[in-house]
Amino acid sequence: MSRRTVVGIGLMMAAVLAAVLPVRAEDPKPAKANSEPVYAQLRALELSGESVRVENLTLQRDVATITFVTGRCHLAQNVDGRITGIVFLGDGRLEVKPHLAVEQRHLGWLANSRAFSDTFTRMVIRFTDGTLDDITRFDQPQPGSVDGHAADAWKSARKLFREGRRYINPNLAAAFLEYNLELRLLTDLLWPGHGGYFHAYCEGKEYGDLLFLVDPLGAPYVKPEEVVLAALTEGNLGIWVSEQLQDRYTARTPAKVNLRLVDMEHYQIDATARDKNLRAKVTARFRALADGARVLPLDLFPKLRVIRVADTRGRELQFVQEDKDKDANFGVILPESLKRGEIYHLTFEYAGDDAVQDLGGGNFTLVARENWYPGNGFGDRATFEMTLRNPKELVMVATGQPLGEVREGDELVTRWKSDIPLAVAGFNYGRFKKNVVKDDKIDYTIETYANKFLPDDIRGMIKNIQEFERQTGESTGTTLGNMDTTKLMDKARAEAQLSMQLYTDMFGPLPYGRLAMTQQPYPSFGQAWPMLVYMPITAFLDSTYRAQLGMAGASSFFKYVAAHEVSHQWWGHAVGWDSYRDQWLSEGIAVLSASLFAQVAYKNEKFVEYWEDIRKDITQKNDKGRRPLELGSVTMGYRLNTAKTGSATYQIIYSKGAAVLHMLRMMMWDPKTGDQRFSAMMRDFVRTHIHQNVSTDDFKRAVEKHMIPELNLAGNGRMDWFFDQWVYGTALPDYKLDYRLEPADGGRTRLLCKVTQSQVAGDFVMRVPIYIDFDGNLRRLGTVVLNGNSTSPEIDVMLPKKPKRVLLCGFEDVLCTMDAR
84 MSRRTVVGIG
94 LMMAAVLAAV
104 LPVRAEDPKP
114 AKANSEPVYA
124 QLRALELSGE
134 SVRVENLTLQ
144 RDVATITFVT
154 GRCHLAQNVD
164 GRITGIVFLG
174 DGRLEVKPHL
184 AVEQRHLGWL
194 ANSRAFSDTF
204 TRMVIRFTDG
214 TLDDITRFDQ
224 PQPGSVDGHA
234 ADAWKSARKL
244 FREGRRYINP
254 NLAAAFLEYN
264 LELRLLTDLL
274 WPGHGGYFHA
284 YCEGKEYGDL
294 LFLVDPLGAP
304 YVKPEEVVLA
314 ALTEGNLGIW
324 VSEQLQDRYT
334 ARTPAKVNLR
344 LVDMEHYQID
354 ATARDKNLRA
364 KVTARFRALA
374 DGARVLPLDL
384 FPKLRVIRVA
394 DTRGRELQFV
404 QEDKDKDANF
414 GVILPESLKR
424 GEIYHLTFEY
434 AGDDAVQDLG
444 GGNFTLVARE
454 NWYPGNGFGD
464 RATFEMTLRN
474 PKELVMVATG
484 QPLGEVREGD
494 ELVTRWKSDI
504 PLAVAGFNYG
514 RFKKNVVKDD
524 KIDYTIETYA
534 NKFLPDDIRG
544 MIKNIQEFER
554 QTGESTGTTL
564 GNMDTTKLMD
574 KARAEAQLSM
584 QLYTDMFGPL
594 PYGRLAMTQQ
604 PYPSFGQAWP
614 MLVYMPITAF
624 LDSTYRAQLG
634 MAGASSFFKY
644 VAAHEVSHQW
654 WGHAVGWDSY
664 RDQWLSEGIA
674 VLSASLFAQV
684 AYKNEKFVEY
694 WEDIRKDITQ
704 KNDKGRRPLE
714 LGSVTMGYRL
724 NTAKTGSATY
734 QIIYSKGAAV
744 LHMLRMMMWD
754 PKTGDQRFSA
764 MMRDFVRTHI
774 HQNVSTDDFK
784 RAVEKHMIPE
794 LNLAGNGRMD
804 WFFDQWVYGT
814 ALPDYKLDYR
824 LEPADGGRTR
834 LLCKVTQSQV
844 AGDFVMRVPI
854 YIDFDGNLRR
864 LGTVVLNGNS
874 TSPEIDVMLP
884 KKPKRVLLCG
894 FEDVLCTMDA
904 R
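For the sequence shown, position 713 matches number 796 in our numbering, and the numbering has no gaps at all.
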């Protein structure tokens, strides 16, 4: 999400930064931001005084039915020959009936019904579709003075969407506020023959502030889906419904839809980071994917203020960027309409504070990880050439291949190039110590960067402890004064190197050739960019120091954070996700990958413990008293976090996503060949989709391509049964094992057992493994397939000796509950 600047700030910053971003004497003066005439009209738009009396008027908008039972529609002023807004006052009703079963189920949790309904007494609609024709079909607008209540509703809605609202527990729905609605309307008004936008805001009697949106260019944050119902009050905050246009479902057109206006192909970036300021000059090359558009929306960090945008002819282009603390979405107004297939170049100059952060002690970080350059959304792959400048005493590391470094005055200048298209580019820098190891086995270079000094917050904590001990004469027992993150650089490198070896073997080789494990000053999360991993500073501390910092309970996170983030070199970068619906694949496989690391580094006991923790994460109730598993499909992505259901995103797209993949791995495991079949499938998937973004359906087809008898439970060579139950569904079967052991001749033991499956739908089917434990090492005896709520026939097996125990799912093979584990 981006923010904006008032008119004139761009010019002022241009003057201030003239020394670092010079304008040639013959160049025209920079164009003013936000000065395009139609945009200016939209921004200042008020009601006209005209109104239309309506009664039992229905607006059908995709899955929504809006009924104006009785009241008046007050029309906005004309903009460039079109009316783009109304305020309805009276009695109205909003009904939404989702098409998809997963959306109906999600709505059931939020509204206690698979369809939504609420009433309202006022609604503000902004549109470029046929709403005006619908309203005036039976009566013509009547002139008059502006109604005060209608004007208040108009101004209140405008303020909300421009300035936003502060939430105690924000989630993805909050991003629909502080969104430049006028920029989106301008896109249609400057695009001949284009329209279809519909944005309706009302105050529901039961659910409070509601937004229903239809955007043919894709709704923000859930693209490529175009239809959204969002609740915006604190207690209901969430995206309650999100779907594609219904025509796509009824016509059975492919779910993969690219609604981008352009395809970014290459970036040339020259950026300088100093203190908390970042300034840059960026030239982007892109190919038009649509005919006719003149407004090009791009993602740029709100506090990076645009000074100048120019095309290849040197023309300074108008752009939109409102105040940084408001609806600051950035968009360029092109002098001519886009022509599909043609190549364009634009150059951007901008600068601002807080895109980078100085945390003291030479600890810096890039805050604007995804949007420090004008982007077209995460996953639009492009090649990069970057020249990065920073104070000479600091070390810079970035995505791409290093081309060299020089010192120019008090600056260190480094150059980086990526000929492989990347989903995103970035950098990290600080007073780093650097280590480099070449792994000849996988032909990969592993770099490790850790800071020589601690950030101010930790140094401040140490100083306070020392002062307390000095004043009181008491010892706190802490040893934080001896902290040195560079001492554990070898551990970070070793974990990354082992992970790279394991994943190269399991998923196939990567094309990048290098990986930098870098320390960031944040303590509780990691993040992976191509060739560049941001590791939490606490991962470079041992468990004693972490315990003294109050992080003793997070030991599992620190064991596996490196393994998880390294996996994203494959899952997230070499192979990306198509939409938020498919992000579970990237995160789920990363969590699965960390389990491979656990199995090798910490052996089977920790491997089983790892998956036990995953199961508990999915099935234990959250702060709203809900089991995350019940709340929705893994394909719901970050929408799973809502005010009514609590936090569920991590537990579902990470943990359950991993459990789905773990179940596949365990069903494909063979006692003679181990993971060979699973690895062959995953390697083929990477090879087929390298440098592409994949969908859940793409992965399903990959599994079906590698079908084996153990997976073919439907008998048709398809995996619908598995994906319907585990990917799209919310089932949690319960299993019970009844067995007895009888002595047999020759010291052998006879095993007689039955397995019962319950708490599932009648068509639920699953393969369940039975394990025996003779000497502390589990061996898989076999599997049983169960349909619905049923008990298997009695199984009669002769064993060579008496086992210590017989059990189901010894390696957490199936996500389930059991009477006894």
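Heads up, the beta-carbon is just placed ideally off N, CA and C, and yes, glycines get one too.
Asked                                                                                                                                                         : Found
With DSSP collapsed to three states, give me the class of Y586.                                                                                               : helix
I'd like to confirm the pairing. Which residues does DSSP put opposite T528 in its beta bridges?                                                              : K521 and R597
Quick check on the burial criterion: 16 or more other C-beta atoms within 10 angstroms. Buried or exposed for Y959?                                           : Outside the displayed span of the chain (84 to 904) sits residue 959, for which this structure offers no information.
Which residues does DSSP pair with C156 in a beta bridge?                                                                                                     : V135 and F171
Where does L835 land, buried or exposed, given buried means 16+ other C-beta within 10 angstroms?                                                             : exposed
Applying the criterion that 16 or more other CB atoms from any shown protein chain within 10 Å of the CB defines a buried residue, is K570 buried or exposed? : exposed
Can we say the segment 314 to 323 touches the segment 246 to 256, given the rule of at least three CB pairs closer than 8 Å?                                  : yes
Which one of T832, E265, K642 and R863 has the shortest CA to CA distance from V880?                                                                          : T832
Report back the beta-carbon spacing between L293 and H232 to the nearest angstrom; my notes put them in contact at under 8 Å.                                 : So it is not a contact: roughly 19 Å between Cβ atoms.
Any idea what DSSP makes of W653, helix, strand or coil?                                                                                                      : coil
Apart from the five residues just before and just after Q610, which ones in its own chain have a Cβ nearer than 6 Å to its Cβ?                                : Y617
Between the alpha carbons of D493 and G435, how many angstroms are there, rounded?                                                                            : 20 Å
List the DSSP bridge partners of S841.                                                                                                                        : D817
Which complete alpha helix (DSSP H) runs does the segment 747 to 829 hold, if anything under 4 residues is left out?                                          : 759 to 772 and 779 to 788
Provide the residue span of the alpha helix (DSSP H) that contains I855, from first to last.                                                                  : Not the alpha helix (DSSP H): I855 falls in the beta strand (DSSP E), residues V848 to D856.
Considering M479, what are the terminal residues of the beta strand (DSSP E) in which it resides?                                                             : V478 to A481
Considering only residues of the same chain and omitting the five flanking positions on each side of K704, which have a CB-CB separation below 6 Å?           : R710
How should G859 be labelled, buried or exposed, when 16 other C-beta atoms within 10 angstroms of its C-beta is the threshold for buried?                     : exposed
Quick one: residues in its chain with C-beta nearer than 6 Å to the C-beta of P457, no 5 flanking neighbours on either side, listed in chain order?           : L381, L383 and F431
From the DSSP output, in three-state form, read off W455 for me.                                                                                              : coil
Give me the Cα-Cα distance between G596 and M347, rounded to the nearest whole angstrom.                                                                      : 24 Å
Judging by CA-CA distance, which residue of T627, Y512, P876 and T866 is the nearest neighbour of G560?                                                       : T627
On the three-state DSSP scale, how would you describe K407?                                                                                                   : coil
Quick one: what's got a C-beta closer than 7 Å to Q842's C-beta in the same chain, skipping five residues either side?                                        : L815, P816 and D817
Below 7 Å between beta carbons: does that hold for W274 and G168?                                                                                             : no
Are the Cβ atoms of G460 and N776 separated by less than 7 Å?                                                                                                 : no
By Cβ distance, which residues of its chain are closer than 7 Å to F857, with the 5 residues on each side in sequence left out?                               : K884, P886 and K887
Taking the straight line between their C-alpha atoms, what separation do you get for T466 and N565?                                                           : 43 Å
Going straight from the alpha carbon of Y532 to that of A844, what length do you get?                                                                         : 52 Å
Whose C-beta lies closer than 7 Å to the C-beta of D502 among residues of the same chain, with five residues either side of it excluded?                      : T466
Going by DSSP, which residues form a beta bridge with F608?                                                                                                   : The partner list for F608 (beta bridge, DSSP) is empty, contrary to what the question assumes.
Tell me, which residues are paired with I541 by DSSP?                                                                                                         : For I541, which the question treats as bridged, DSSP gives no partner whatsoever.
State buried or exposed for I426, treating a residue as buried only when at least 16 other CB atoms are found within 10 Å of its CB.                          : exposed
Excluding five sequence neighbours on each side, which residues of the same chain lie with their C-beta closer than 7 Å to the C-beta of P754?                : R863
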